[in-house]
Amino acid sequence: MPELHVYSQLMSKIPETSQPLLRVLPRDDPDLVEHILDAYAREELQRLNDELKERKRVLEEKLAELHERLKELEELKARLEAKRRRLENERADLQGRISSLEETLDNRQAFRLSLAVLQQDISQLGDNNAENVTDASRNDDSHEEAADE
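Counting in UniProt numbering, the sequence shown runs from 1 upward without gaps.
Listed below in structure tokens is the structure:
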């Protein structure tokens, strides 16, 4: 019964999907069984190698796609960084211009305020001058009246 023992060992090592194949093997000719199993093992090994090669090919394709995508992302990152620097420079320029305009506005407002004060002073001087002219005119009239008397 050593053939049965060999058969049991083989059954335990063969995947379940292939075990129905072993059930049809002749149990009385161990050399034939070994030959058939060697052929099966070679075919299975070749199938696994082919499957491995296919998986490797697919993985290499995916890796190449990922490298390409990484390259695109790095280029995009570089463009975005350049744009960020450009926008930062524009922002700094605009802040400088805003500060300059604010200073100009402050100067204009100060000038307008000074001008308003001067206009008010001139207006008061004009009013005072008009009062002085009126007073002088009254004085002249009163001097003339006094001289006439």
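Using N, Cα and C, we set each Cβ at its ideal position, and we do this for glycine too.
Linking D127 to Q119 through their CA atoms gives a straight-line distance of about 12 Å. Rounded to the nearest whole angstrom, the C-alpha separation of L113 and A92 is 31 Å. Look at R69 here: in three-state DSSP terms it is helix.
For L94, there are no CB contacts under 8 Å within the same chain when 5 residues up- and downstream are skipped.
In the three-state DSSP reduction, R27 falls in the coil class, being neither helix nor strand.
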